[in-house]
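The sequence shown begins at 5 in the working numbering and counts up one residue at a time. Here a beta-carbon is modelled for each residue, glycine too, at the ideal position from N, C-alpha and C. For clarity, every value in this text was computed on a predicted model and none was experimentally measured. Reading through the structure tokens given below for one structure.
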Amino acid sequence: MKDNFSKQAGEYARYRPHYPPELFEFIIAHVTTLEVAWDCATGNGQSALQLARHFDKVFATDISQEQLDAATASEQVVYTRQPAEQTNFPDNYFDLITVSQALHWFNFDSFYSEVNRTGKPGSWLAVWMYSLLRITPEVDEIIERFHYQILGEYWDQERGYVNSNYTTIPFPFAEIATPTFEMKFHWSLEELEGYLTTWSALQKFIGANNFNPVAGIIDELRPHWKSSEMNIVFPLYLRMGKIEK
């Protein structure tokens, strides 16, 4: 599992979009026992906190101590630094295992082995990701050029799984059909700038070129930013399957 987000943990906690309640409502509706959940690669804990509204206990893991340090504390959430592929959790322990916007960084075989070991018979694995944001055609064109051309060579190859909406990731579980969700926000241009600074490829670009290209992109966007806040939409894709033993 790769760690591409420790450097920008503070920005990640502040600017990364939050997942819609409808996503968790859909997932929870399929889980029969709401005792213990594992939020793997929890980052700043935003999914773990949502799960804590439903489960007696949530264990949230990440390999980045910086991310865990930026997470919000909760009596029902236990944060620990552990890799996705090898944990100290007991066998047959979890009712639900979740991964948000991180599965593409994992060693699939090793992680799935850990899922099968730690999940109860009949428990669930739910993984999701969001694709490139949509605003207006003019703004989208600039952001797409930034993503695919300016930063293109600096994305890890695993980013390809995100670009295909996770459809190319192996998923050896009893999968169910899921709807496409949307994350909707009203963002200022400054909030968009903050979000762009969390991109893992940007950190690599800065390291290789000794300058941050985001300011130039924001200058390009400014004439197309027609109000103090604009509507932002992230399409969100969920894969969910039962752990059968």
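To the nearest whole angstrom, what separates the beta carbons of Asn-96 and Pro-141, a pair I think is in contact under 8 Å?
As a working mapping, residue 96 is identified with position 92 in the sequence shown. As a working mapping, residue 141 is identified with position 137 in the sequence shown. Contact flag wrong, Cβ pair sits at about 50 Å.
With 16 as the cutoff for other CB atoms within 10 Å, does Arg-243 come out buried or exposed?
Sequence index remark: in the sequence shown, residue 243 carries index 239 (1-based). By the neighbour-count rule (16 or more Cβ atoms within 10 Å), Arg-243 is buried.
Among residues of its own chain, excluding the 5 on either side of Asn-177, which ones have a beta-carbon nearer than 7 Å to its beta-carbon?
Taking the sequence shown and counting its residues from 1, the one referred to as residue 177 is at position 173. Note that residue 177 corresponds to Phe in the displayed sequence, not to Asn. Same-chain partners within the cutoff: Leu-129, Gly-245, Lys-246 and Ile-247.
Per the contact definition of three or more C-beta pairs closer than 8 Å, is the segment 50-59 in contact with the segment 28-41?
Contact annotation: the segment 28-41 touches the segment 50-59, with at least three C-beta pairs closer than 8 Å.
Nearest to Ser-192 (by Cα), restricted to the options Asn-213, Arg-226, Tyr-170 and Asn-169:
Indexing the sequence shown from 1 puts residue 192 at position 188. Residue Arg-226 holds the alpha-carbon nearest to the alpha-carbon of Ser-192 among Asn-213, Arg-226, Tyr-170 and Asn-169.
What does DSSP give as the partner residues of Gly-245 in its beta bridges?
If you number the sequence shown from 1, residue 245 lands on position 241. Beta-bridge pairing by DSSP links Gly-245 to Leu-129 and Glu-179.
For a quick check, are the C-beta atoms of Leu-155 and Phe-209 less than 8 Å apart?
Your numbering for residue 155 matches position 151 in the sequence shown. Your numbering for residue 209 matches position 205 in the sequence shown. Yes.
Along the chain, where does the beta strand (DSSP E) that runs through Tyr-152 open and close?
Numbered from its first residue, the sequence shown carries residue 152 at position 148. That residue, Tyr-152, is in no beta strand (DSSP E); it is neither H nor E in DSSP.
Going by DSSP in three states, Lys-208 sits in which element: helix, strand or coil?
Here residue 208 is taken as the residue at index 204 of the sequence shown, counted from 1. In the three-state DSSP reduction, Lys-208 falls in the helix class (H, G or I).
Collapsed DSSP secondary structure at Phe-93 in the structure displayed
In the sequence shown, the residue the question calls residue 93 occupies position 89. Coil.
Around the C-beta of Thr-65, are 16 or more other C-beta atoms found within 10 angstroms, so that it is buried, or is it exposed?
Within the sequence shown, the letter at position 61 stands for residue 65. For Thr-65, the number of other beta carbons within 10 angstroms of its own is at least 16, and it is reported as buried.
Pair within 8 Å by beta-carbon distance, Phe-103 and Ala-45
The residue you call residue 103 lines up with position 99 of the sequence shown. The residue you call residue 45 lines up with position 41 of the sequence shown. A quick correction: the sequence has Val, not Phe, at residue 103. Using a Cβ distance threshold of 8 Å, Val-103 and Ala-45 count as a contacting pair.
With distance defined between alpha-carbon atoms, name the residue in Asn-235, Val-218 and Phe-110 nearest to Glu-89.
Along the sequence shown, read from residue 1 onward, the residue named residue 89 stands at position 85. Ranked by how close their Cα comes to the Cα of Glu-89, the residues Asn-235, Val-218 and Phe-110 have Phe-110 in first place.
Can you find the residues in the same chain that come closer than 8 Å, C-beta to C-beta, to Thr-172, ignoring five residues on each side of it along the sequence?
By one-based count along the sequence shown, residue 172 stands at place 168. If we look at Thr-172 and ignore the five residues flanking it on each side, its Cβ neighbours are Gly-164 and Tyr-165.
From Ala-205 to Ile-147, what does the alpha carbon distance come to, in whole angstroms?
Your numbering for residue 205 matches position 201 in the sequence shown. Your numbering for residue 147 matches position 143 in the sequence shown. When rounded, the distance between both Cα atoms is 14 Å.
Checking 8 Å against the spacing of the C-beta atoms, do Thr-84 and Phe-115 come in under that value?
Start at 1 with the first residue of the sequence shown, and residue 84 comes out as number 80. Start at 1 with the first residue of the sequence shown, and residue 115 comes out as number 111. No, the pair does not count as a contact, with Cβ atoms beyond the cut-off.
Do you know how far the Cα of Tyr-134 is from the Cα of Thr-182?
For the purposes of this step, residue 182 is taken as residue 178 along the sequence shown, with counting starting at 1. For the purposes of this step, residue 134 is taken as residue 130 along the sequence shown, with counting starting at 1. If you take the alpha carbons of Thr-182 and Tyr-134, they lie about 14 Å apart.
Relative to the C-alpha of Pro-174, which residue among Asp-113, Thr-76 and Gln-161 is closest?
Within the sequence shown, residue 174 is the residue found at index 170, counting from 1. Here the closest residue by C-alpha is Asp-113.
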